[in-house]
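All residue numbers for the sequence shown refer to this note's numbering, where the first residue is 520 and numbers rise by one. Every residue, glycine too, gets a C-beta built ideally from N, C-alpha and C. These notes are about the structure you will find just below.
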Amino acid sequence: ISYNKVLWTVTRKVFINGEALFKVKKGKQFDVVADLATTSVMGTTFDVYARGGKVKVSCIEGQVSVQSNRSKSKVILTAGHNTQVINQVLSAPEVAIKHDEIAWTFGEFYFTNCALNEVFKEVERQFNVEITFRCAEKRFYTGYFNAKSLNDALRLICLPMDLSYNITEKSIEIKQKQ
Numbered sequence: 520i521s522y523n524k525v526l527w528t529v530t531r532k533v534f535i536n537g538e539a540l541f542k543v544k545k546g547k548q549f550d551v552v553a554d555l556a557t558t559s560v561m562g563t564t565f566d567v568y569a570r571g572g573k574v575k576v577s578c579i580e581g582q583v584s585v586q587s588n589r590s591k592s593k594v595i596l597t598a599g600h601n602t603q604v605i606n607q608v609l610s611a612p613e614v615a616i617k618h619d620e621i622a623w624t625f626g627e628f629y630f631t632n633c634a635l636n637e638v639f640k641e642v643e644r645q646f647n648v649e650i651t652f653r654c655a656e657k658r659f660y661t662g663y664f665n666a667k668s669l670n671d672a673l674r675l676i677c678l679p680m681d682l683s684y685n686i687t688e689k690s691i692e693i694k695q696k697q
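This is the structure:
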């Protein structure tokens, strides 16, 4: 997250790459600018995820406006809804599971039909490890892990997917069971 300290009193604007939960006090407009979308509020709680060519905004309390930076299309989100920008297209608001949207702030990560390589990228971020995983087919994961134990997280992901893993130092090799 970055912002211009000199202009802060004139324009409350932050730039994000990653994920952050914002709880904004009422006052002047507050903008969160990600690569693909800008979220504008005047007092609410919301989550912005901006990584790997995807932006997802979840409104936890109040209301937010989300505008695609390229197409300029806009949606208004109310509490309990989210939207995302993928390939420069802003989706219509969808109902979100409130706990799942902010669970990462408690070290909990929930996935619903998520590409398995994206799940492993999150494990890499949370545990500062490098994962090697090669699979000919695109696989999807629905489940959960927490950031307390690398072994527990890998078991929760690999067992239902019929995968095995081997941990050495800061790298992990994951394979399809034979």
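Quick check: what's the CA-CA separation for Gly546 versus Gly562? Taking the first residue of the sequence shown as 1, we reach residue 546 at position 27. Taking the first residue of the sequence shown as 1, we reach residue 562 at position 43. Cα to Cα, Gly546 sits roughly 7 Å from Gly562.
| said: Pairs of beta-carbons, one from the segment 578-586 and one from the segment 553-568, closer than 8 Å: are there three or more? | reply: yes
Stretch-stretch touch, CB-based, cutoff 8 Å, three pairs: the segment 598-605 with the segment 639-656:
no
| request: Take Ile691 and list the residues in its own chain whose beta-carbon comes closer than 6 Å to its own, dropping the five residues that flank it on each side. | output: Here residue 691 is taken as the residue at index 172 of the sequence shown, counted from 1. Answer for Ile691: Val648, Ile650, Tyr684, listed in chain order.
- Can Asp550 and Arg531 be called in contact, C-beta distance under 8 Å? Mapped onto the sequence shown, residue 550 falls at position 31. Mapped onto the sequence shown, residue 531 falls at position 12. It is a contact, given that the beta carbons lie within the stated cut-off.
task: Excluding the 5 residues preceding and the 5 following Phe659 in the sequence, name in chain order all residues of the same chain whose CB lies nearer than 8 Å to its CB.
output: To locate residue 659, count along the sequence shown from 1; it is residue 140. Around Phe659: Asn632, Cys633, Ala634, Leu635.
Query raised in the report: At which residue ranges does the segment 582-643 contain complete beta strand (DSSP E) runs of 3 or more residues, listed in the order of the chain?
Result: As summarised for the segment 582-643, the continuous beta strand (DSSP E) elements at least 3 residues long and confined to that stretch are 582-587, 593-597, 600-605, 627-634, given in chain order.
query = For Asn671, does the count of other Cβ atoms within 10 angstroms reach 16, so buried, or fall short, so exposed?
reply = Taking the sequence shown and counting its residues from 1, the one referred to as residue 671 is at position 152. Note on identity: in this sequence residue 671 is Asp, with Asn being the wrong assignment. Burial call: exposed.
Quiz prompt | Enclosing beta strand (DSSP E) for Leu682 [first to last residue] | solution = Residue mapping note: residue 682 aligns to position 163 of the sequence shown, counting from 1. Taken as a continuous stretch (DSSP letters only), the beta strand (DSSP E) holding Leu682 covers 682-687.
Please say whether Gln603 and Val574 have beta carbons closer to each other than 8 Å?
-> Along the sequence shown, read from residue 1 onward, the residue named residue 574 stands at position 55. Along the sequence shown, read from residue 1 onward, the residue named residue 603 stands at position 84. A contact, by the Cβ cut-off of 8 Å.
>> Taking the alpha helix (DSSP H) that Arg674 belongs to, which residues open and close that run?
In response: Here residue 674 refers to the residue found at position 155 of the sequence shown. Here the alpha helix (DSSP H) through Arg674 covers 669-677.
Under the three-state DSSP convention, the category Gln695 falls into: In the sequence shown, residue 695 corresponds to position 176, counting from 1. The DSSP-derived three-state label of Gln695 is strand.
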